[in-house]
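Working notes for the structure below.
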Amino acid sequence: MAQKPSLASRIINAGSPKPENGQAFKPGPQFASTFHLQGDVEANTYQYGRFGQPTWDSLEKAFAKLEGGETVIFPSGMSAAAAILTSLVSPGDTILLPADGYAPVRYYAQQYLVKFGIHLKTVETAKIDEYDFSGIDLALLETPSNPMLDTFNVHLAATKLHQHGGLLAIDNTTLTFLGQAPLLLGADITMSADTKAVNGQSDVLFGHVTCKEYAISEKIREWRKYSGNIPGPMETWLVHRSLSTLDVRLERMCNNALALATLLAEHEKVLSVRYPGLKNDPSYSNAKIQQQYFGFIVSFELANQHAADSFLRACKLVYEATSFGGVHSTAERRARWGTDDIADGVIRFSVGCERAEDLLNDVMSALEQI
Ligand SMILES: Cc1ncc(COP(=O)(O)O)c(C=O)c1O
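So the sequence shown is numbered by full-length UniProt numbering: it starts at 1 and just counts up by one.
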């Protein structure tokens, strides 16, 4: 019997219509706010653009099949995170967030949820494997964390949280569903800022949430409908278009990242390097168990702010920018935002699809100049 193709091969056509003569491989975006709607509204698939539309359906079908759940798409990663945090809790519930994860998610909870009686707790990612989850109703955690790339064991966290009746959601942005499958590891919900590697072209903001259970995804879908946090058809189509090449891009980016991290780890001007694919990295053991890729982000520390800024100025191939996951390498001195508890000389480096030798030459030459 023919073997089922791998996830990496299935993404190429995921969510596309069945082959039919004369039909487009990937139909273009459908721009519509209004659909013809006669009689019984429930009998019609499409009613009004904020409730649902065909371009969304194609991409949601693709993510749902690939991740094994029910998907709801959003106009950004933050709206995906807000949907999880807002639609699944009630006053008196306790949310757990990473103390060292993407800072705006913590800010959102602190600023907009706490005042409605939601309790907020935080935990450092590196301490989650030992964490006691009692009293937690919903945890939205990141592994590897952004920007310092600590990890925790998703299966262990899900098992412990479920013993207390809580839900586990994983922000899978730093790896994507090809690099890690949170729902298969035991999580209830997975989300991603597809702005990053899933789209990968640095031209679209996007996000999605995939839930194991239909009842949970329906709460999230309803929040989208009534909050109006809806993606545009053009952005949806662009992300769907980019999805096909995700595996090719990830393979190059992650191979480049390992080569870069290995070189940096031996460099005299680099104080320390974090990359889950280095055998002596504290994240290596968890990464080895649950990740398909070690990732494309490398964080490393230079002597101080001046050294880090000089390095960034001296790079020619690498753009100084926030964000990560694009086909081009980008880097930034993360402490410049003042939102993370991080040393002044730390660079978060998002490794792109350049030829490895070009990229490594550029970085080595920039290090020589500081
Ligand atoms: C881990 C993580 N989650 C969520 C987000 C938010 O995504 P967006 O910028 O698309 O709203 C980001 C953005 O950097 C992120 O890094």
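We treat Cβ as the ideally placed atom computed from N, Cα and C, and that holds for glycine.
Is it buried or exposed, residue i, if we count other Cβ atoms within 10 angstroms and call 16 or more buried?
{"i": "residue 53", "result": "buried"}
{"i": "residue 75", "result": "buried"}
{"i": "residue 166", "result": "buried"}
{"i": "residue 67", "result": "buried"}
{"i": "residue 266", "result": "exposed"}
{"i": "residue 380", "result": "The requested residue 380 does not occur in the structure, where the chain is confined to residues 1 to 370."}
{"i": "residue 101", "result": "buried"}
{"i": "residue 37", "result": "exposed"}
{"i": "residue 112", "result": "exposed"}
{"i": "residue 212", "result": "buried"}
{"i": "residue 107", "result": "exposed"}
{"i": "residue 224", "result": "buried"}
{"i": "residue 253", "result": "buried"}
{"i": "residue 2", "result": "exposed"}
{"i": "residue 247", "result": "buried"}
{"i": "residue 172", "result": "buried"}
{"i": "residue 337", "result": "exposed"}
{"i": "residue 21", "result": "exposed"}
{"i": "residue 9", "result": "exposed"}
{"i": "residue 174", "result": "buried"}
{"i": "residue 43", "result": "exposed"}
{"i": "residue 291", "result": "buried"}
{"i": "residue 304", "result": "exposed"}
{"i": "residue 180", "result": "buried"}
{"i": "residue 79", "result": "buried"}
{"i": "residue 331", "result": "buried"}
{"i": "residue 200", "result": "buried"}
{"i": "residue 70", "result": "buried"}
Does the distance from the C-beta atom of residue i to that of residue j stay below 8 Å?
{"i": "residue 155", "j": "residue 178", "result": "no"}
{"i": "residue 187", "j": "residue 215", "result": "no"}
{"i": "residue 365", "j": "residue 350", "result": "no"}
{"i": "residue 373", "j": "residue 149", "result": "In the structure as shown, the chain begins at 1 and stops at 370. Residue 373 is therefore absent and cannot be evaluated."}
{"i": "residue 153", "j": "residue 280", "result": "no"}
{"i": "residue 334", "j": "residue 309", "result": "no"}
{"i": "residue 295", "j": "residue 207", "result": "no"}
{"i": "residue 276", "j": "residue 56", "result": "no"}
{"i": "residue 209", "j": "residue 347", "result": "no"}
{"i": "residue 15", "j": "residue 82", "result": "no"}
{"i": "residue 138", "j": "residue 88", "result": "yes"}
{"i": "residue 240", "j": "residue 58", "result": "yes"}
{"i": "residue 298", "j": "residue 270", "result": "no"}
{"i": "residue 169", "j": "residue 205", "result": "no"}
{"i": "residue 128", "j": "residue 94", "result": "no"}
Please indicate yes or no: does the CB of residue i lie closer than 7 Å to some heavy atom of ligand 1?
{"i": "residue 171", "result": "yes"}
{"i": "residue 85", "result": "no"}
{"i": "residue 78", "result": "yes"}
{"i": "residue 112", "result": "no"}
{"i": "residue 81", "result": "yes"}
{"i": "residue 283", "result": "no"}
{"i": "residue 159", "result": "no"}
{"i": "residue 330", "result": "no"}
{"i": "residue 193", "result": "yes"}
{"i": "residue 207", "result": "yes"}
{"i": "residue 323", "result": "yes"}
{"i": "residue 174", "result": "yes"}
{"i": "residue 235", "result": "no"}
{"i": "residue 146", "result": "yes"}
{"i": "residue 142", "result": "yes"}
{"i": "residue 319", "result": "no"}
{"i": "residue 102", "result": "yes"}
Tell me residue i's beta-bridge partners as DSSP assigns them.
{"i": "residue 349", "result": "298, 331"}
{"i": "residue 119", "result": "94"}
{"i": "residue 209", "result": "72, 191"}
{"i": "residue 319", "result": "330"}
{"i": "residue 169", "result": "140, 189"}
{"i": "residue 48", "result": "34"}
{"i": "residue 291", "result": "180"}
Under a three-way DSSP split, which group does residue i fall into?
{"i": "residue 270", "result": "coil"}
{"i": "residue 34", "result": "strand"}
{"i": "residue 343", "result": "coil"}
{"i": "residue 185", "result": "helix"}
{"i": "residue 110", "result": "helix"}
{"i": "residue 149", "result": "coil"}
{"i": "residue 158", "result": "helix"}
{"i": "residue 99", "result": "coil"}
{"i": "residue 260", "result": "helix"}
{"i": "residue 142", "result": "strand"}
{"i": "residue 180", "result": "strand"}
{"i": "residue 163", "result": "helix"}
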